C-alpha cells in the first residue's frame, strides 16, 4: 500500500494503531492497586510516549510504526498508556477514537461557539472533527473532491440547522479558497483542519481570517516546496497561528472522552465498512483502493481468556 510517512516504520511491524479492548488479565507484580480490572473496556493511546499535553522530551513512540500495533487477538500494555472507553459507546465506535478522535480534538483546540471551520476531506479525522465542531456550536465548510461525499455529510447533519454552511470541491475548482471566502462574506474562516500539505496550505492561509488558526494534520496532496513561496508573507500579514498536529496525549484523550460523555456523542454513522479479523488484509487493501467515507473496522471476536 502506498504511503507518505515522515519517518521509517519498523520492518514487519504489527499494523493498525487504534483499538477498543476489554481487559482480561492484570499483572499484580507491583504493590499499587491496578487502575483497571478484568472486564474494563479500554483503548491504548496512539503515541505511548505522550502522556500529557506538555511532554518532557522529544521522544515519540507510535503504535504500528515505532512499535507493534494492535491487529491481534490479545495485546499487552502498561496501564499508564490506556484510557477508559466512554460507557455508552460500542466497541466499534470507541475504536475510532485513539487516532482520528484525538487528532480531531487537538486540531480544534481554541474553537469558540459560532466559529467557522474549514475541514478538508471526508476521512476519519475530518468526519469526527465535523461531529465535534457541531457539538461545540461551530459551523463547518467542507472541502472534498466528491460531490456525493459532500451530500452525505450534509445529510448526516441535516438535523443541526445552519451547522454546515456549504462545501467546496477542490478538484473541480482550483480557486476553492475564493469560494470559501465567499461563503464567509469575505472574512475567512476561524480555523482550518489542513490535510493537503504544500498543495493546499497557501490557499488555506488565503481563506483564513486575520488572527485565525491553521492546524496542519496531514499532507495527502502532492508535496512541492515551490508551492510555499507565498507562505511566510501570508503567515505574517494575516497573523495566522500555524500549528502542527501529531495526534495528542493521554490527557487529551481523557479530556475528549469527557466531552463525548457530556454530549452523548455517537459515531456509528462514521463507520464505512466492517471486516472480520480473518479478512484484515482485505480491509487494508480496501483502505488504499476506495478512499473510504469515515473509518474501517476490523472486528475481533471475543475468544477464551488466556491461561
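Numbering (full-length UniProt numbering), first residue to last: 1 to 307.
Note that beta-carbon positions come from the ideal geometry of N, C-alpha and C, so glycine has one too.
Bear in mind the structure is a predicted one, so any value in this text is a computation, not a measurement.
Contact test: residue i Cβ vs the ligand FAD heavy atom, cutoff 7 Å
i	result
residue 263	This structure lacks the ligand FAD, and indeed carries no ligand of any kind.
Nearest-angstrom Cα separation, counted from residue j out to residue i
i	j	result
residue 287	residue 281	10 Å
residue 43	residue 285	24 Å
residue 201	residue 167	18 Å
residue 256	residue 179	32 Å
residue 291	residue 32	46 Å
residue 242	residue 203	13 Å
residue 18	residue 82	12 Å
residue 16	residue 239	38 Å
residue 220	residue 150	18 Å
residue 223	residue 108	24 Å
residue 90	residue 232	45 Å
residue 214	residue 185	19 Å
residue 161	residue 190	20 Å
residue 270	residue 157	12 Å
residue 294	residue 119	13 Å
residue 307	residue 85	At residue 307, the pLDDT of 45 sits below 50, so the modelled position is not reliable; the number obtained from the coordinates is stated separately. Each residue's alpha carbon lies about 25 Å from the other.
residue 71	residue 126	23 Å
residue 225	residue 261	42 Å
residue 259	residue 87	13 Å
residue 8	residue 176	34 Å
residue 11	residue 279	22 Å
residue 45	residue 20	11 Å
residue 78	residue 36	11 Å
residue 155	residue 237	38 Å
Cβ-based neighbour list, residue i, same chain, cut-off 8 Å, excluding 5 preceding and 5 following
i	result
residue 13	64, 65, 67, 68, 69
residue 52	249, 250, 251
residue 275	282, 283, 286, 296, 297, 298, 299
residue 59	49
Test item: CB-CB of residue i and residue j under 8 Å
i	j	result
residue 124	residue 96	yes
residue 212	residue 188	yes
residue 24	residue 38	yes
residue 265	residue 135	yes
residue 164	residue 183	no
residue 199	residue 230	no
residue 300	residue 93	no
residue 217	residue 254	no
residue 169	residue 147	yes
Buried/exposed call for residue i, threshold 16 Cβ in 10 Å
i	result
residue 209	buried
residue 304	Reliability fails at residue 304, whose pLDDT of 49 lies under 50, so the model's placement of it is uncertain and the value that follows must be treated cautiously. It is exposed - the Cβ of residue 304 has fewer than 16 other Cβ atoms within 10 Å.
residue 112	exposed
residue 192	buried
residue 22	exposed
residue 130	buried
residue 289	exposed
residue 76	exposed
residue 27	exposed
residue 98	buried
residue 121	buried
Close-in-space but distant-in-sequence residues of the same chain around residue i (CB under 6 Å, 5 per side omitted)
i	result
residue 106	245, 248, 252
residue 128	100, 101, 104
residue 133	117, 140
residue 153	142
residue 171	145
residue 41	22, 85
residue 2	Because residue 2 carries a pLDDT of 47, less than 50, the predicted location of this residue cannot be relied on, and the following value inherits that uncertainty. For residue 2, where only same-chain residues beyond five positions count, there are no Cβ hits under 6 Å.
Close Cβ partners of residue i (< 7 Å) along its chain, the five nearest in sequence each way excluded
i	result
residue 61	47, 48, 49, 67
residue 181	188, 207
residue 263	135
residue 137	113, 114
residue 80	51
residue 272	292, 293, 294, 295, 296
residue 159	none
Min CB distance residue i to chain D below 8 Å
i	result
residue 160	Absent from the structure is chain D; it holds one protein chain and no more.
* To do: Could you name each continuous alpha helix (DSSP H) segment of 4 residues or more that falls completely within the region 105-183, going from the start of the chain to the end?
  => 124-136, 147-156, 176-183
* Asked: Could you give the uninterrupted runs of the alpha helix (DSSP H) lying entirely in the region 21-100, keeping only those of 4 residues or more?
  -> 91-94
* To do: Quick one: which unbroken beta strand (DSSP E) runs of 3-plus residues sit fully inside the region 188-236? Chain order, please.
  => 189-194, 208-216
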